[in-house]
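Okay, so the sequence shown: first residue is 57 according to my numbering, each after it adds one. Even glycine gets a Cβ: it sits at the ideal position worked out from N, Cα and C. One structure is given here, and the rest of the page talks about it.
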Amino acid sequence: MEQHVIMALIVLIVVPIIFTIFAKKPSLIPTPIQNVFEIYIEFIDNLIKENMGEKGRKYFPLIASIGLFVFFGNLLGIIPGLESPTANLNTTMALALLVFFIYNFEGIRENGIGYFKHFLGPVPAMAPVFVIIELLSHLSRPVTLALRLFANMTGGELISVVLIMLVPFLIPMPVMLIHLIAVFLQTYVFVVLTTVYIAGAITHAEH
Numbered sequence: 057m058e059q060h061v062i063m064a065l066i067v068l069i070v071v072p073i074i075f076t077i078f079a080k081k082p083s084l085i086p087t088p089i090q091n092v093f094e095i096y097i098e099f100i101d102n103l104i105k106e107n108m109g110e111k112g113r114k115y116f117p118l119i120a121s122i123g124l125f126v127f128f129g130n131l132l133g134i135i136p137g138l139e140s141p142t143a144n145l146n147t148t149m150a151l152a153l154l155v156f157f158i159y160n161f162e163g164i165r166e167n168g169i170g171y172f173k174h175f176l177g178p179v180p181a182m183a184p185v186f187v188i189i190e191l192l193s194h195l196s197r198p199v200t201l202a203l204r205l206f207a208n209m210t211g212g213e214l215i216s217v218v219l220i221m222l223v224p225f226l227i228p229m230p231v232m233l234i235h236l237i238a239v240f241l242q243t244y245v246f247v248v249l250t251t252v253y254i255a256g257a258i259t260h261a262e263h
């Protein structure tokens with residue numbers, strides 16, 4: 057079995073266990089880990105409400121789960137000897153395609169045939185042109201979503217390895233800090249874009 061598949065399975069198994077342990081019985085006096093989970097939950101909740109309103113609450117488990125997988129998948133690359141599953145294009149493309157199919161499915165489910173009206177653009181005479189533009193735009197989304205995450209995590213791991221090999225005693229901590237910033241940033245970007253894509257798909261009928 058490929059290493060990135062093993063790493064992805066580790067994330068899929070370990071993260072829910074950790075989340076269940078620390079979120080099952082929240083304390084009145086929050087522990088640091090409980091605080092982190094609560095901040096994350098509040099962030100996802102606010103992001104959904106800002107983009108979709110209250111009706112977007114049903115997408116909370118999906119978006120929160122994707123965020124946790126991407127974050128902990130990114131984080132594995134910091135641990136020596138382990139590989140981020142998100143540093144493999146197969147993983148990031150699978151995630152991106154999941155988002156692509158879900159937001160289109162939800163757009164059709166929410167709006168019916170009206171979902172496809174936005175592909176025609178605002179000017180009927182220009183519909184053939186807008187159809188091509190919209191199709192290219194939508195088809196490029198999973199590609200750019202996958203490549204952005206893959207390139208940043210792969211680049212971060214390669215730079216870390218090279219610098220640590222060159223200056224093993226001086227570089228590790230600053231490199232790890234930079235890598236950690238990239239972990240947070242790429243998770244944030246992926247989660248925000250996922251939310252925006254779903255919001256755009258389910259609200260087309262309201263425009």
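query                                                                                                                                                                     : result
How do the region 250 to 257 and the region 149 to 166 stand: do at least 3 beta-carbon pairs fall below 8 Å, yes or no?                                                  : yes
Could you say which of 146, 244, 183 lies nearest to residue 63 if we only look at CA atoms?                                                                              : 146
Less than 7 Å between C-beta atoms, sequence neighbours within five positions excluded: which residues of the same chain meet that for residue 232?                       : 134
Is the separation between the beta-carbon of residue 201 and that of residue 155 shorter than 8 Å?                                                                        : yes
Whose CA, out of 208, 179, 190, lies closest to the CA of residue 131?                                                                                                    : 208
Which residues in the same chain as residue 68 place their Cβ atom closer than 8 Å to its Cβ, once the five residues preceding and following it in sequence are excluded? : 125
Since residue 173 is in the alpha helix (DSSP H), which residue starts that stretch and which ends it?                                                                    : Careful: residue 173 lies outside any alpha helix (DSSP H) and carries neither H nor E.
Just to confirm, is the Cβ distance from residue 197 to residue 245 under 8 Å?                                                                                            : no
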